[in-house]
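Heads up: the sequence shown at position 21 corresponds to 20 in the working numbering, and the numbers run straight through without jumps. Backbone N, C-alpha and C fix where the C-beta goes; we use that ideal spot for every residue, glycine too. No experiment lies behind these values; they were computed from the predicted model shown.
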Amino acid sequence: MKKFIVIFGLLYSLLNTAWANDDERLARLPAAQKKIAVQMIEFMDHMDAKYFARIEALNGGLEFEGLITDTEYSSYDIQVVRGPVIEKAGRMISAGKKTSPGRGDSVLAWSRFYSIDIHPKTPLVGMLHAAIVMQFFEDGRSFVGGWLGVLPGTRIEEDLQA
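So this is what it looks like as structure tokens:
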């Protein structure tokens, strides 16, 4: 657990450095949007802690493989862990910087995309993918969306006959 806390702290400080100008984006939002954006950030922090703590308990530890990268449109923080029970679990946080081509003409003011994926080692349990996105635009428009997908595990006919 100590290793997780140290790694999480280092990643958090790196993320804050890489996304320092995002604080400016947040500060420019109207009060009502800023309140919701802060709730989104707090939700992501809470879910990250809960998600990785559960994986650590199932796998008996955590070793992160991370990637922090930037494009013209977004900054990304990607974390992956592997283990004997949860073979691979990943999490991505994306902070939008500007509207991607084909996504409309509005100027992006602030954005977050949060997704998790879980791939159990056993084929008897399906894979999980969950995501949520929140965007605020300079013209006052906003968008919130998300999805949850669960791929089925292997079906064993004898088990289904019971």
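Looking only at its own chain, which residues have a Cβ that is under 6 Å from the Cβ of residue 81, when we skip the five neighbours before and after it? For residue 81, where only same-chain residues beyond five positions count, the Cβ hits under 6 Å are 87.
Quick check: what's the CA-CA separation for residue 76 versus residue 154? Distance between residue 76 and residue 154, taken at the CA atoms: about 35 Å.
Let me check understanding here. Comparing Cα to Cα, which of 149, 148 and 108 lies closest to residue 141? Put simply, of 149, 148 and 108 the residue whose alpha carbon is nearest the alpha carbon of residue 141 is 108.
Beta strand (DSSP E) segment containing residue 62, residue limits: Unbroken run through residue 62: none, as it is neither H nor E.
I need the straight-line Cα distance from residue 38 to residue 117, nearest angstrom please. Approximately 24 Å between the Cα atoms of the pair.
Given that a residue counts as buried once 16 or more other Cβ atoms are within 10 Å of its Cβ, and exposed if not, what is residue 157? Label assigned to residue 157: exposed.
Kindly identify the DSSP beta-bridge partner or partners of residue 134. Secondary-structure assignment with DSSP links residue 134 through a beta bridge to 110 and 142.
Expressed to the nearest angstrom, what Euclidean distance is found between the alpha-carbon atoms of residue 90 and residue 62? Cα to Cα, residue 90 sits roughly 13 Å from residue 62.
Got a sec, what are the start and stop residues for the beta strand (DSSP E) residue 104 sits in? That residue, residue 104, is in no beta strand (DSSP E); it is neither H nor E in DSSP.
Top-ranked residue by Cα proximity to residue 24, from 146, 149, 135 and 69: Residue nearest to residue 24 within the set 146, 149, 135 and 69 is 135 (criterion: CA-CA distance).
When DSSP labels each residue in this structure, what does residue 78 get in the three-state scheme? Judged by DSSP in its simplified three-state form, residue 78 adopts strand.
Minimum C-alpha distance to residue 123 - residue among 150, 35 and 78: Of the listed residues, the one whose Cα sits closest to residue 123 is 150.
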